Amino acid sequence: MYLISIIAIILLISLGLVYSMGLSSMTIAYLIDFPTLILLLIVCIPFLVASGLVKDFNNAFRIALSRKKDVKLNELKRAVEAVTLAIKTLLGSGFLIFLMSMITILHRLDSPESLGPHISVALIAFIYACVFALPLLPLRSILNLRVIEYMSEPTV
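For the sequence shown, the numbering used here gives the first residue as 7, with consecutive numbering after it.
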């Protein structure tokens, strides 16, 4: 069900982009910027590594997508913490990269007509951060529900 909802979100966003930009002018090239993507990952991955939660972040997907209940409470809580850190780091670094890009753009402002395209490229960092953070929100909710279920089970 989680994967189906992610696919539905991607389709709805794609339809929204096609509707807002029009069919004739819609190109995926406007949304692709590999240097920004790499910079976003270069900022986010060290935070997970420094916190020691990389393994727990990987386990979060395994725990959330499996129906087995043989997971310890400690693993669940660490997975929730790893996903929460990833969401916060993605959004924070996306906004930071956007602000740094804006400062650079405004510092090098040669012609006012080039301002629009440069700002749109700067916004891609925040768009990427949101695109990566949005699927993690239901994952965190699934893990939080597992914690609640675990804590409400009677101990024998």
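Here a beta-carbon is modelled for each residue, glycine too, at the ideal position from N, C-alpha and C. Owing to the predicted nature of the structure, the values given are computational and were not obtained by experimental measurement.
When the beta-carbon positions are compared, G98 and F132 stay at least 8 Å from each other. Here the alpha carbon of I48 sits roughly 31 Å from the alpha carbon of P118. The C-alpha of F53 is placed about 12 Å away from the C-alpha of E87.
Three or more beta-carbon pairs separated by less than 8 Å are not found between the segment 76-91 and the segment 105-125, which leaves the two stretches without contact. In its chain, beyond the 5 residues on either side, L79 have a beta carbon closer than 8 Å to the beta carbon of M157.
In the three-state reduction of the DSSP assignment, D62 falls in the helix class. The beta carbons of I111 and A128 sit closer together than 8 Å.
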